[in-house]
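Asker: Handing you this structure, nothing more for now.
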Amino acid sequence: MSHYTMVSLWQELDNFQPYPVEILPAKLYMGNFKQACDQQIQKDLKIKAQVNISEQPATLFAEGNKYLHISVPDSLEANLFSSFATVCHFIGELFLNLAFLAHSRVLDQSDYSLSVQIPNASLLSFCLQRAWDYVLKCKMNMRPHRAFVKQLSDWEAQIYGTTITDISEPNY
Numbered sequence: 001m002s003h004y005t006m007v008s009l010w011q012e013l014d015n016f017q018p019y020p021v022e023i024l025p026a027k028l029y030m031g032n033f034k035q036a037c038d039q040q041i042q043k044d045l046k047i048k049a050q051v052n053i054s055e056q057p058a059t060l061f062a063e064g065n066k067y068l069h070i071s072v073p074d075s076l077e078a079n080l081f082s083s084f085a086t087v088c089h090f091i092g093e094l095f096l097n098l099a100f101l102a103h104s105r106v107l108d109q110s111d112y113s114l115s116v117q118i119p120n121a122s123l124l125s126f127c128l129q130r131a132w133d134y135v136l137k138c139k140m141n142m143r144p145h146r147a148f149v150k151q152l153s154d155w156e157a158q159i160y161g162t163t164i165t166d167i168s169e170p171n172y
């Protein structure tokens with residue numbers, strides 16, 4: 001391989017912008033802040049609503065699109081449980097007509113610990129285990145922190161009146 005080809009390849013890799021993970025086809029995506037700010041991604045995926053899970057609000061949309069900001073720190077102590085009902089209502093109210101992107105401000109591509117909770121919580125019309133298995137098929141390296149898994153388990157118990165999924169299993 002020539003030097004020019006190698007340089008070109010590295011430049012291409014530096015410019016590569018991965019797209020958000022598709023959770024529900026053409027409806028629900030999980031991504032990061034950088035992806036949420038990318039107008040081309042919004043256009044390509046027809047995203048018209050966003051759930052931003054971070055301390056900082058952001059203006060990421062043209063007027064007329066739907067936006068929900070959940071102010072929580074990007075930390076392991078973040079309490080998302082208290083926001084699950086609001087997020088699920090927001091997504092449920094608009095779901096039939098719009099595509100959503102759930103994201104957090106964390107810029108590391110591999111850290112979806114906060115944003116992964118939104119698809120899991122909104123899919124809890126299934127039990128946690130089924131929602132977890134479904135999201136795991138979409139994002140095979142999903143491994144949210146145990147504190148967030150506990151919040152999802154508490155959400156499951158609130159919805160169903162009892163805990164169905166045993167989160168002590170190593171899969172969680």
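Residue numbers for the sequence shown follow my numbering, so the first one is 1 and each next one is one higher.
Backbone N, C-alpha and C fix where the C-beta goes; we use that ideal spot for every residue, glycine too.
#1: Straight-line CA distance for Leu94 to Ala49?
#2: Helix, strand or coil: how does DSSP classify Phe84 here?
#3: Pick helix, strand or coil for Tyr29, following the three-state DSSP scheme.
#4: State the start and end residues of the unbroken beta strand (DSSP E) segment that holds Phe100.
#5: May I ask you to report which of helix, strand or coil DSSP gives Tyr19?
#6: Exposed or buried, which one is His89 when buried takes at least 16 other CB atoms within 10 Å?
#7: If you check the beta carbons only, do Lys139 and Ala99 fall under 8 Å apart?
#8: Going by other Cβ atoms of all chains shown within 10 Å of its Cβ, with 16 needed for buried, is Leu152 buried or exposed?
#9: Kindly indicate the opening and closing residues of the beta strand (DSSP E) around Leu45.
#10: Confirm, please, whether the CB-CB distance from Val72 to Ile53 is below 8 Å.
#11: How would you call Gly161, buried or exposed, if buried means at least 16 neighbouring beta carbons within 10 angstroms?
#12: If you follow the beta strand (DSSP E) that Leu68 is in, where does it begin and where does it stop?
#13: Between Asn79 and the rest of its own chain, which residues show a CB-CB distance below 7 Å, the 5 nearest in sequence each way excluded?
#14: What alpha helix (DSSP H) runs, 4 residues minimum, are completely inside the segment 122-158?
#15: Please classify Ile91: does DSSP put it in a helix, a strand, or coil?
#16: To the nearest angstrom, report how far apart Leu123 and Thr86 are at their CA atoms.
Answerer: Working from what's here:
#1: 8 Å
#2: helix
#3: strand
#4: Ala99 to Ser104
#5: coil
#6: exposed
#7: no
#8: buried
#9: Looking at the DSSP string, Leu45 is not in any beta strand (DSSP E); the run it does join, the alpha helix (DSSP H), is Gln39 to Leu45.
#10: yes
#11: exposed
#12: Lys66 to Ile70
#13: Val72
#14: 128-138
#15: helix
#16: 14 Å
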